[in-house]
Structure formats: structure tokens, C-alpha cells
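Here the structure comes first, spelled out in C-alpha cells, and everything after it is commentary.
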């Protein structure tokens, strides 16, 4: 089943104090390679939100059928200077399963694996 994850996050004043060249270099060295490593299992789209809310500055929409790959991607981001040096703070993570209700109904209609229902 496909899972969609919305990550809301805020770039800190420390990040904004870096020059654009420094930010681009850090993204090229520490962010883009992580997403590229998992691109075959986790798709990602990035959105700017700072002009529309004060709750977070940006959000990402990730989609995956492999939660292990998603989890490992997040762990690698946490180990990167982006988070470990305080340039980015994760705010909220929202997850949902695409067509979950329909998948469940199809599953129970087949009568498979009754042990999982109770």
C-alpha cells in the first residue's frame, strides 16, 4: 500500500544567516544525495510555505511503498549537518495510506487471513 507522508519543517535563523552560496553547497553535499539514494523507493516533492503560515516555513510530500526506506532516509537527514547543527527543525509529520479503506474492503471480501481481524 502506498503511504503519503507530509513533513513540515522550519529553516532556522542560523540557516537564513548563511549566504545563498553556502546554503546551496550544503544542500548539494548533504540533502540532495540523501534523497537521490532513496529515489527509487521514496518520491519527494518540496513546497515553500513561509508566505502562507507561521507554523512552518516549508513542507515535503513523500510517497512510498517502503516505510523502511522512508525511515532510513529520515535517519540520514537527522545525521546530516542540516539537522544536527540546527539549521532545520522538523515540526510535524502526517501520514496516510492511499486508498486504505478500499484495500481493506477488498481484503475482507476475499476472506483471507481472518486472524488479522481480531
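In the numbering used here, the protein residues as written are 1011 to 1128.
Even for Gly, the Cβ is constructed at its ideal location relative to N, Cα and C.
All values reported here derive from a predicted model rather than from experimental measurement.
For residue 1092 versus residue 1098, is the C-beta spacing smaller than 7 Å?
Here residue 1092 is near residue 1098, since their CB atoms are less than 7 Å apart.
Close Cβ partners of residue 1074 (< 8 Å) along its chain, the five nearest in sequence each way excluded:
Residues 1012, 1013, 1015, 1051, 1052, 1053 and 1080 of the same chain have their beta carbon placed closer than 8 Å to that of residue 1074, with the five preceding and five following residues left out of the count.
Proximity winner among 1077, 1027 and 1100, relative to residue 1020 (alpha-carbon distances):
The shortest C-alpha separation from residue 1020 is found at 1100.
Check whether the Cβ atoms of residue 1070 and residue 1028 sit closer than 7 Å, and answer yes or no.
The answer is no: Cβ separation not under 7 Å.
For the beta strand (DSSP E) containing residue 1098, name the first residue and the last one.
In the DSSP assignment, residue 1098 falls within the beta strand (DSSP E) that extends over 1098-1107.
Count the other CB atoms within 10 Å of the CB of residue 1072; is the residue buried (16 or more) or exposed (fewer)?
Classification of residue 1072: buried, given that the 10 Å Cβ count is 16 or more.
Rounded to whole angstroms, what's the CA-CA distance from residue 1033 to residue 1025? Just pull it up for me.
When rounded, the separation of the alpha-carbon atoms in residue 1033 and residue 1025 is 7 Å.
Looking only at its chain, what residues have a beta carbon closer than 6 Å to the beta carbon of residue 1106, apart from the 5 residues adjacent to it on each side?
Excluding sequence neighbours, residue 1106 sits near 1014.
Need the endpoints of the beta strand (DSSP E) that residue 1013 sits in, please.
That run of the beta strand (DSSP E) goes 1013-1021.
Starting from residue 1083, trace the alpha helix (DSSP H) both ways and give me its first and last residue.
Where residue 1083 is concerned, the enclosing alpha helix (DSSP H) stretches over 1077-1089.
Leaving out the 5 sequence neighbours to the left and right, which residues in its chain are closer than 8 Å to residue 1044 when beta-carbon positions are compared?
Once the five neighbours on either side are set aside, the close Cβ partners of residue 1044 are 1083, 1086, 1087 and 1090.
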